[in-house]
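K.L.:
Structure below; questions to follow.
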Amino acid sequence: MFRPCLIFLTIVVTWALDCNTPVGIEDGTLEDSRMTANSNINKWHAAKEGRLNNYKGKPGNSGVGAWCADKRDSNQYRYIQFDLGTVRKIGKIATQGRNTSSYQYVSSYRILHSNLGTIFEGILDINHNEVIFAGNVDQNSIVTHDIPSTGRIIEARYIRVVPVEYRANICMRFELYECVEPVPATTAAPPAPATTEPPVVCPDGYRLGADNKTCEDIDECAEQSSKCNHYCHNTKGGYDCSCKQGFKLDVDQRTCIDINECLVNKGGCSQQCENTEGTFNCRCNVGYRLQSDGKTCKDIDECAEKIDLCTQNCENTEGSYTCSCNAGYRLASDKYTCKNIDECNEGTSGCNQICTDTLGSFKCSCRAGYKLKTDMKTCEDIDECQASNGGCSDTCQNLVGSYICTCPSGYQLDGTGKNCIDKNECALANGGCQHTCNNSLGSFLCSCNDGYKLNSDGLTCSDIDECTDGSAQCDPKSTTCSNLIPGYECKCKKGYLVISNDKNKCKAPTCPALLQSVGTTVSPQTCLQDQVMEAGDLCKFGCAIGFELPDHEDTLLCLPTGSWNASVINCKRVSCPKLVAPANGKLNPDTCVTEGNVYQRKCGYVCNSGYTLSGVQIKTCLSNGQWDSQEEPTCTQSYPDPFITCPDNVHVTLSPGANEADVSALLQDPQSNQPPSRITITPAEYFKEKMFPAGTTTLTYVATNEVGKTAQCQTLVIVLDSEPPKTDSCPDAIYETTTGNSKVISWNPPKFIDNVAVVNVVSTKNPGETFNTGSTNVIYTATDAAKNRGTCTFTVHLKKIGCIQPEDPDNGALVCQFGSFCTIKCNQNKKLFKNTFFISCSSSTLEWSEIPDCVDHVNPAADGSCPIGFVKQGSINGAFTENICVKCPRGYSYNSNDKTCEPCQIGYISTSEGSMQCHACLNNTSTLEVGSKYCTALCYAGQFSKSGFDLKADLEPCEPCPISSYQSQAGQKSCEKCPNGTTTISSGSASVDSCGGLPVITRYEPNPTNATERYSTQFECYGHGLPLPYFKITKVKPAPDGFGGPFTQEYIKGPDGNQIGIRHIISKVTEHDAGAYECKVENKFGTDQKYLSLNVELNFDVGKRRRRRRQQILKAAR
């Protein structure tokens, strides 16, 4: 007897996503139009070239085989963008560089994503920091990365890749991979209750996974088991084939065959179509050119493009052209070349005398003396005399074929034969003249030498007697006239002297010119002229004002000997009496005291150093022999005007927690010519005190001299406060519910403290205000006087509650009436796991009663027992049960020992009816209650929520731990405060190791440090911080290279071996080591710095030795 065997199929679902499905960048499924970029070198480097495994020369590709941005673009934000068409789950990216001999690739990049393509967000890690992805290290290797977004995949339509670092140029190729849920496997239930789990049978295209329970898709493309001729595209349970451009799938849907595009309308070609493997080419007839569309042929205008062979004229024709020649040329037999016609040799010119051939024509011309007639061929005589008299200056006589020029008497033709020039009669026998022949235009004249006259023949000359005819120029007073042949002579009469440059006059004896000194006058003025005053003449002398004669003589006489009777008379200046020098002073020049001075000369009074002159400073001698002032000046003691130079402005930063700073090492003393006792400082408390508050303090220095004159300057002491206000009472997230749309929410406001003072606190919301449903961020901002800001941010989550219709049960539907009462209708062949009349929502708790699922059912065996995985139907709210066996629903597992359905415990689920056991949730997920069908994401370490779960839909999202707190565990409802008053740099800290604080300098001493030149000295700086800070000591104003003393630095360690300070040692101090030294401690939370002053006492014995050594060196050099 045969017993029928029933096989029950169930679906085993795994919830891990498979992120290995390409979106179609490499195979071209993603169209070119969906790949864009804001920068590319040119169209050959466009975004559509950035497909994985693309390369230059790849069939169907006309570009360089990679997207390459132009690195010369001024914007640094260059990107390529992919439009996926719809919002898709992206979990992985693959990149390459450019496939070329040179190394061009991107070594790091960012990924941005957006649903609408307007606002883009970066990819964040678990700590909410943007991820920078490591790129390629060569041109062709494929580098893949999973895409984290706070530990989860991203869902977006637009993906934007932004290069950060690159080699040579920004060149990339890409593929993105989509995440999909694996196809569930089919399992067969066992025919008998002897086994505990049915064997898994996978459909075609799937294989059993490593857990022997889950069916995994076979990627025939990756395993190269497909039969695709060109491209393979994996699908769930199978694969599809596609072809390269220019090919199509054959009937087997696997093989690619060439498409003969020329069979249909010649492939769109206007003339010739040539089919090739995978594509086709359009070609043109001779005389035509293929256009940019690659199909249309257009006539080539050989004439316009100057590619014709015509030597002269070209006329385009459709598909060709013709040549023609200009007049005077004829076309050669090659139909391209034009040859010149020689009309002269061929006798067709018609020229009367001379014919000259030219290119394309000819030219007739005539012999000299002839000209062409209007027919330009016949010659006739030229009457040269009619035109400008033939160029003749006088008379023109025409001849046949020529002409001549003639001249009047006394003229002759020049070398040109045209111009008449004077005939020089004097050139022949002096023209017959006895003395001089003078040529003139057309004639000539004779003339005689001086002392002669021309005779009546016009040619000969005779002597002139100048003394007789009165033409002689002799002075009758001093000379007599004597005739000479030729000329005459003037002779001096007795007693007169010859004048060297005057032949007609003689002179009497004269005296030399007199000299006139300053203050002296001479009359007449001719006395001052040389050899003008004659013997017997007198010259009289006088004196100007302020001058006087040396004796009583005032006249000089010119003697017959040509000399004066006495020396020249000079007036002398009037003298003023001696002066007395003032006490503590003197006179300039010194002779003013011993001799006085003379008219117009001056004497100046000068006081000794430290004294000031009172009264007249200079006296001038007057013409009456008296000084212009009778006042006696005096010298009184004087004091210099004060001056003062302020020290440089001081800039310091407050130490952590401090509200004032010690600037004693940085604030130097002012420089002045007044002693410290006459220098004041305002405000007066800073004369000794060097602790300054936060902000800017203006110090006014005033120097005063002995007589009350002042000079002042100012120095600014700027104490920077960089420490923001802080609070340790920032409220946690607030979770409230309401049955309406809003609610009044209250909380205890945070209290802020500051190292200096909090001056203002503002908030976006205040306690007692009304909040609408949803999540609202509340931000408190505290500001101190330095504009440092500290914030407290928390979120108010207001959830609207009510009897909202719940989800339908498995394999059934809710039929609700009156809003809060529903019945359950199961699908065909399904029964309620627990029978019930109805379900309802409590008006007090606003929660629904238990909603059972609809499950498979069977009749019990004869003994009333149920098969494995089935139990007797239960009941809710007193409903009658049926005598049936129902399968354990999802969220339950079958206990084979007790033969009961038990709900899965927290952290476990079952995903199919009749499960034999519950399965643990994946990492960072758990369940909200027992009997759950789904795993829910837990908050990660560094996060918290009201429930510990990430329930965005229920207004209970995970939030980062606030600053000054951390959480090292996942799924937590609160965060731990940092210990011992420490804090964190940012929110979302996942470890107590993230807690720390600003470093602090506890000691920096001795301050001041006093040292002696050429001896050693040292000072030490101590501090602490968490994490341990880095110590450093530097001189504020470093000594010039080679002038400071040699120094070393040693780390100071505590009993636990950790560094607690630093020691600065100068082994041989120089004067250039003096000044301020900064100690700085620094960790990731910030810095602290303090200053110390080093004073250096000069060692004068050292200076003496140095001088002796320099003298020895100089002596040796000599």
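Numbers -16 to -1, 1 to 1102, taken from mature numbering (1 follows the signal peptide of the UniProt record, and there is no 0), label the letters of the sequence shown in order.
Heads up, the beta-carbon is just placed ideally off N, CA and C, and yes, glycines get one too.
These figures come from a predicted structure and were not determined experimentally.
I'd like to know if the segment 61 to 73 and the segment 254 to 262 are in contact, where contact means that at least 3 CB-CB pairs between them fall below 8 angstroms.
P.N.:
No: the two stretches stay apart, fewer than three of their Cβ pairs being nearer than 8 angstroms.
K.L.:
Along the beta strand (DSSP E) that carries V577, what are the first and last residues, could you check?
P.N.:
As a first step, residue 577 is located in the sequence shown; it is residue number 593 there, counting from the start. Where V577 is concerned, there is no enclosing beta strand (DSSP E), although the alpha helix (DSSP H) it sits in stretches over T575 to T578.
K.L.:
If you check the beta carbons only, do T79 and R157 fall under 8 angstroms apart?
P.N.:
Here residue 79 refers to the residue found at position 95 of the sequence shown. Here residue 157 refers to the residue found at position 173 of the sequence shown. It is a contact, given that the beta carbons lie within the stated cut-off.
K.L.:
In chain order, what residues of the same chain have a beta carbon less than 7 angstroms from the beta carbon of residue 1121, not counting five sequence neighbours either side?
P.N.:
Nothing in the structure corresponds to residue 1121, since the chain is present only between -16 and 1102.
K.L.:
By DSSP, does C199 sit in helix, in strand, or in coil?
P.N.:
By 1-based counting over the sequence shown, the position of residue 199 is 215. It is a strand residue.
K.L.:
Tell me where the beta strand (DSSP E) around D453 begins and ends.
P.N.:
For the purposes of this step, residue 453 is identified with residue 469 of the sequence shown, where counting begins at 1. First-last for D453: E450 to D453, but that is the alpha helix (DSSP H), not the beta strand (DSSP E).
K.L.:
Assuming L798 contacts Q789 under a Cβ cut-off of 8 angstroms, what Cβ separation, rounded to an integer in Å, is found between them?
P.N.:
Position 814 of the sequence shown, counted from the start, is the residue given in the question as residue 798. Position 805 of the sequence shown, counted from the start, is the residue given in the question as residue 789. Between Q789 and L798 the Cβ distance is about 7 angstroms, and since that is below 8 angstroms, they are a contact.
K.L.:
Buried or exposed, going by whether 16 or more other CB atoms sit within 10 Å of the CB of F1084?
P.N.:
Within the sequence shown, residue 1084 is the residue found at index 1100, counting from 1. Counting Cβ neighbours within 10 Å, F1084 comes out exposed, since fewer than 16 surround it.
K.L.:
How many Å lie between A974 and G932 at the Cα?
P.N.:
For the purposes of this step, residue 974 is identified with residue 990 of the sequence shown, where counting begins at 1. For the purposes of this step, residue 932 is identified with residue 948 of the sequence shown, where counting begins at 1. Distance between the alpha carbons of A974 and G932 is about 15 angstroms.
K.L.:
What is the DSSP secondary structure of W832, reduced to helix, strand or coil?
P.N.:
In the sequence shown, counting from the first residue as 1, residue 832 sits at position 848. Here W832 sits in strand by DSSP.
K.L.:
Determine whether the beta carbon atoms of S877 and I852 lie at a separation below 8 angstroms.
P.N.:
Start at 1 with the first residue of the sequence shown, and residue 877 comes out as number 893. Start at 1 with the first residue of the sequence shown, and residue 852 comes out as number 868. For S877 and I852, no; Cβs fall outside 8 angstroms.
K.L.:
Mapping the DSSP letters down to three states, classify P1039 as helix, strand or coil.
P.N.:
Sequence index remark: in the sequence shown, residue 1039 carries index 1055 (1-based). Looking at P1039 - three-state DSSP - the assignment turns out to be coil, as it is neither helix nor strand.
K.L.:
How many angstroms separate the CA atom of P544 from the CA atom of N581?
P.N.:
The residue you call residue 544 lines up with position 560 of the sequence shown. The residue you call residue 581 lines up with position 597 of the sequence shown. Answer to the nearest angstrom: the Cα atoms are 43 angstroms apart.
K.L.:
For the segment 1067 to 1075 and the segment 981 to 997, state whether three or more C-beta atom pairs, one from each stretch, are separated by less than 8 angstroms.
P.N.:
As far as the Cβ criterion goes, the segment 1067 to 1075 touches the segment 981 to 997, which means the pair count is three or higher.
K.L.:
Helix, strand or coil for L1082 per DSSP?
P.N.:
Sequence index remark: in the sequence shown, residue 1082 carries index 1098 (1-based). If DSSP states are grouped into helix, strand and coil, L1082 belongs with coil.
K.L.:
Our contact map puts C838 next to K856 with C-beta atoms below 8 angstroms; I'd like the distance itself, whole angstroms only.
P.N.:
Position 854 of the sequence shown, counting from 1, holds the residue named residue 838. Position 872 of the sequence shown, counting from 1, holds the residue named residue 856. Contact doesn't hold; Cβ gap of about 16 angstroms is too wide.
K.L.:
Taking the alpha carbon of C432 as the reference point, which residue from K42, N414 and N310 has its own alpha carbon closest?
P.N.:
Along the sequence shown, one-based indexing puts residue 432 at 448. Of K42, N414 and N310, the residue nearest in Cα terms is N414.
K.L.:
With DSSP run on the structure shown, which of helix, strand or coil describes Y61?
P.N.:
As a first step, residue 61 must be located in the sequence shown, where it is residue number 77. The answer is coil: DSSP assigns Y61 none of H, G, I, E or B.
K.L.:
Just confirm the distance between the C-beta atoms of D57 and S23, as a whole number of angstroms; I'd bet it's less than 8 angstroms.
P.N.:
Against the sequence shown, residue 57 aligns to sequence position 73. Against the sequence shown, residue 23 aligns to sequence position 39. At roughly 5 angstroms, the Cβ-Cβ gap stays under 8 angstroms, so D57 and S23 are in contact.
K.L.:
What's the C-alpha gap between I628 and Q698?
P.N.:
Locating residue 628 in the sequence shown gives position 644, where the first residue counts as 1. Locating residue 698 in the sequence shown gives position 714, where the first residue counts as 1. In a straight line, the C-alpha of I628 is about 10 angstroms away from that of Q698.
K.L.:
May I ask you to list the residues that DSSP assigns as paired with M19?
P.N.:
Here residue 19 refers to the residue found at position 35 of the sequence shown. Beta-bridge pairing links M19 to F66.
K.L.:
Just how far apart, CA to CA, sit T332 and C268?
P.N.:
Position 348 of the sequence shown, counted from the start, is the residue given in the question as residue 332. Position 284 of the sequence shown, counted from the start, is the residue given in the question as residue 268. In a straight line, the C-alpha of T332 is about 49 angstroms away from that of C268.
K.L.:
What number of angstroms, rounded off, separates the C-alpha of I737 from the C-alpha of N772?
P.N.:
Counting from 1 along the sequence shown, the entry for residue 737 is found at position 753. Counting from 1 along the sequence shown, the entry for residue 772 is found at position 788. When rounded, the distance between both Cα atoms is 12 angstroms.
K.L.:
So for H635, helix, strand or coil by DSSP?
P.N.:
On the sequence shown, position 651 is the one that residue 635 refers to. Reduced to three states, the DSSP call for H635 is strand.
K.L.:
List the DSSP bridge partners of Q698.
P.N.:
Position 714 of the sequence shown, counting from 1, holds the residue named residue 698. Q698 is bridged to T684.
K.L.:
Work out the CA separation of N265 and G230 for me, nearest whole Å.
P.N.:
The residue given as residue 230 occupies position 246 in the sequence shown. The residue given as residue 265 occupies position 281 in the sequence shown. Whole-angstrom Cα-Cα distance: 12 angstroms.
K.L.:
Which first and last residues belong to the beta strand (DSSP E) in which I388 is found?
P.N.:
Locating residue 388 in the sequence shown gives position 404, where the first residue counts as 1. Its beta strand (DSSP E) spans residues S386 to T390.
K.L.:
How about residue 1128 and S929: do their beta carbons lie closer than 8 angstroms?
P.N.:
Look at the range of the chain in this structure, -16 to 1102, and you will see that residue 1128 is not part of it.
K.L.:
Taking the alpha carbon of A118 as the reference point, which residue from G758, V145, V636 and N744 has its own alpha carbon closest?
P.N.:
By 1-based counting over the sequence shown, the position of residue 118 is 134. Considering only alpha carbons, the answer is V145.
K.L.:
Kindly indicate which three-state DSSP category L1012 falls into: helix, strand or coil?
P.N.:
The residue you call residue 1012 lines up with position 1028 of the sequence shown. It is coil, neither helix nor strand.
K.L.:
What number of angstroms, rounded off, separates the C-alpha of T596 from the C-alpha of Q621?
P.N.:
Along the sequence shown, read from residue 1 onward, the residue named residue 596 stands at position 612. Along the sequence shown, read from residue 1 onward, the residue named residue 621 stands at position 637. The straight-line gap from Cα to Cα measures roughly 6 angstroms.
K.L.:
Work out the CA separation of C806 and Y918 for me, nearest whole Å.
P.N.:
By one-based count along the sequence shown, residue 918 stands at place 934. By one-based count along the sequence shown, residue 806 stands at place 822. Straight-line Cα distance between these residues: approximately 24 angstroms.
K.L.:
Count Cβ pairs between the segment 724 to 733 and the segment 750 to 757 that sit closer than 8 angstroms; are there 3 or more?
P.N.:
Yes, since at least three Cβ pairs between the segment 724 to 733 and the segment 750 to 757 fall closer than 8 angstroms, the two stretches touch.
K.L.:
Grab me the residues of S607's own chain with a C-beta within less than 7 angstroms of its C-beta, minus the 5 sequence neighbours each way, in chain order.
P.N.:
In the sequence shown, the residue the question calls residue 607 occupies position 623. Excluding residues within five positions, the ones whose Cβ falls inside 7 angstroms are I529, G530, V558 and Y583.
K.L.:
Pairing CB atoms from the segment 509 to 519 with CB atoms from the segment 457 to 473, are three or more of them under 8 angstroms?
P.N.:
These segments do not touch.
K.L.:
Residue ranges of each beta strand (DSSP E) run of no fewer than 3 residues wholly in the segment 207 to 279, ordered along the chain?
P.N.:
With a minimum length of 3 residues, the continuous beta strand (DSSP E) runs that stay inside the segment 207 to 279 are 215 to 219, 222 to 226, 231 to 233, 240 to 242, 256 to 260, 263 to 267 and 272 to 274.
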